[in-house]
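So in the numbering used here, spot 5 of the sequence shown is number 69, and the numbers just go up one at a time.
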Amino acid sequence: MTDARRLRTDLNLRASGFLSLALAAIAIHTLAGLKPSTSVLAFLLATIGFLCASGGAMLVIVGHHIHDRVKVSARWRRVAR
(Lines of atoms letter the chains of each structure in order from A and count residues from 1; the text may use other names and numbers.)
(Lines give C-alpha, C1' and ligand atoms only; values in the text may rest on other atoms or scores of the structure.)
Protein backbone atom coordinates (compact mmCIF):
# COMPACT_ATOMS: atom_id res chain seq x y z
CA MET A 1 0.00 0.00 0.00
CA THR A 2 1.49 3.33 -1.00
CA ASP A 3 1.83 6.19 1.45
CA ALA A 4 -0.70 8.35 -0.41
CA ARG A 5 -3.25 5.55 -0.43
CA ARG A 6 -2.64 4.81 3.27
CA LEU A 7 -3.04 8.50 4.12
CA ARG A 8 -6.25 8.73 2.08
CA THR A 9 -7.64 5.63 3.81
CA ASP A 10 -6.70 7.01 7.23
CA LEU A 11 -8.33 10.39 6.54
CA ASN A 12 -11.48 8.76 5.14
CA LEU A 13 -11.86 6.50 8.17
CA ARG A 14 -11.31 9.38 10.59
CA ALA A 15 -13.73 11.62 8.65
CA SER A 16 -16.39 8.91 8.77
CA GLY A 17 -15.74 8.67 12.52
CA PHE A 18 -16.38 12.40 12.92
CA LEU A 19 -19.53 12.04 10.81
CA SER A 20 -20.69 9.20 13.04
CA LEU A 21 -20.03 11.31 16.13
CA ALA A 22 -22.08 14.14 14.63
CA LEU A 23 -24.94 11.72 13.96
CA ALA A 24 -24.72 10.52 17.57
CA ALA A 25 -24.87 14.10 18.83
CA ILE A 26 -27.96 14.80 16.73
CA ALA A 27 -29.67 11.62 17.96
CA ILE A 28 -28.88 12.37 21.61
CA HIS A 29 -29.95 16.01 21.26
CA THR A 30 -33.24 14.89 19.71
CA LEU A 31 -33.66 12.33 22.50
CA ALA A 32 -33.16 15.01 25.15
CA GLY A 33 -35.95 17.08 23.60
CA LEU A 34 -38.56 14.32 23.80
CA LYS A 35 -41.08 14.75 26.59
CA PRO A 36 -42.49 11.20 26.94
CA SER A 37 -39.10 9.50 26.93
CA THR A 38 -40.48 5.95 27.14
CA SER A 39 -41.58 5.59 23.54
CA VAL A 40 -40.09 3.31 20.91
CA LEU A 41 -38.59 6.37 19.22
CA ALA A 42 -36.69 7.22 22.41
CA PHE A 43 -35.16 3.75 22.58
CA LEU A 44 -34.27 3.89 18.89
CA LEU A 45 -32.59 7.29 19.29
CA ALA A 46 -30.69 6.06 22.35
CA THR A 47 -29.49 3.00 20.45
CA ILE A 48 -28.41 5.08 17.45
CA GLY A 49 -26.65 7.55 19.74
CA PHE A 50 -24.76 4.84 21.61
CA LEU A 51 -23.70 2.83 18.55
CA CYS A 52 -22.67 5.88 16.51
CA ALA A 53 -20.75 7.39 19.43
CA SER A 54 -18.91 4.12 20.14
CA GLY A 55 -18.05 3.41 16.52
CA GLY A 56 -17.21 7.02 15.73
CA ALA A 57 -14.86 7.38 18.68
CA MET A 58 -13.11 4.16 17.70
CA LEU A 59 -12.65 5.30 14.10
CA VAL A 60 -11.38 8.74 15.11
CA ILE A 61 -8.87 7.31 17.58
CA VAL A 62 -7.65 4.25 15.64
CA GLY A 63 -7.92 5.39 12.01
CA HIS A 64 -6.36 3.04 9.46
CA HIS A 65 -4.75 0.95 12.20
CA ILE A 66 -8.09 -0.82 12.53
CA HIS A 67 -6.82 -3.10 9.74
CA ASP A 68 -3.58 -4.03 11.53
CA ARG A 69 -2.97 -7.69 12.29
CA VAL A 70 -2.87 -8.69 15.92
CA LYS A 71 -0.75 -11.52 17.35
CA VAL A 72 -2.81 -14.08 19.18
CA SER A 73 -1.10 -15.97 21.97
CA ALA A 74 -0.62 -19.72 21.62
CA ARG A 75 -3.21 -20.34 24.29
CA TRP A 76 -6.01 -18.88 22.15
CA ARG A 77 -4.97 -20.22 18.72
CA ARG A 78 -6.99 -22.92 17.03
CA VAL A 79 -5.59 -26.38 17.11
CA ALA A 80 -5.09 -28.04 13.71
CA ARG A 81 -7.08 -31.27 13.47
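Note that beta-carbon positions come from the ideal geometry of N, C-alpha and C, so glycine has one too.
**Report entry** Straight-line Cα distance separating residue 102 from residue 140
**Finding:** Here residue 140 refers to the residue found at position 76 when the sequence shown is read from its first residue. Here residue 102 refers to the residue found at position 38 when the sequence shown is read from its first residue. In a straight line, the C-alpha of residue 140 is about 43 Å away from that of residue 102.
Requested in this report: Excluding the 5 residues preceding and the 5 following residue 91 in the sequence, name in chain order all residues of the same chain whose CB lies nearer than 6 Å to its CB.
Outcome: Looking up residue 91 in the sequence shown gives position 27. Excluding its 5 nearest sequence neighbours in each direction, residue 91 has C-beta neighbours in its own chain below 6 Å: 109, 112 and 113, listed in chain order.
Report task. Below 7 Å CB to CB, which residues in the same chain sit around residue 106 once its five sequence neighbours on both sides are set aside? Result -> Taking the first residue of the sequence shown as position 1, residue 106 is located at position 42. Cβ neighbours of residue 106 beyond the five flanking positions: 95 and 98.
Query raised in the report: Who are the Cβ neighbours of residue 84 in its own chain at under 7 Å, not counting the five residues just before and after it?
Result: The residue given as residue 84 occupies position 20 in the sequence shown. The beta carbon of residue 84 sits closer than 7 Å to those of 116, 119, 120 and 123, all from its chain and outside the five residues before and after it, given in chain order.
Report task. Measure how close the beta-carbons of residue 70 and residue 128 come, nearest whole angstrom, since I'm counting them as under 8 Å. Result -> Position 6 of the sequence shown, counting from 1, holds the residue named residue 70. Position 64 of the sequence shown, counting from 1, holds the residue named residue 128. Yes, they are in contact, since the Cβ atoms of residue 70 and residue 128 sit about 6 Å apart, within 8 Å.
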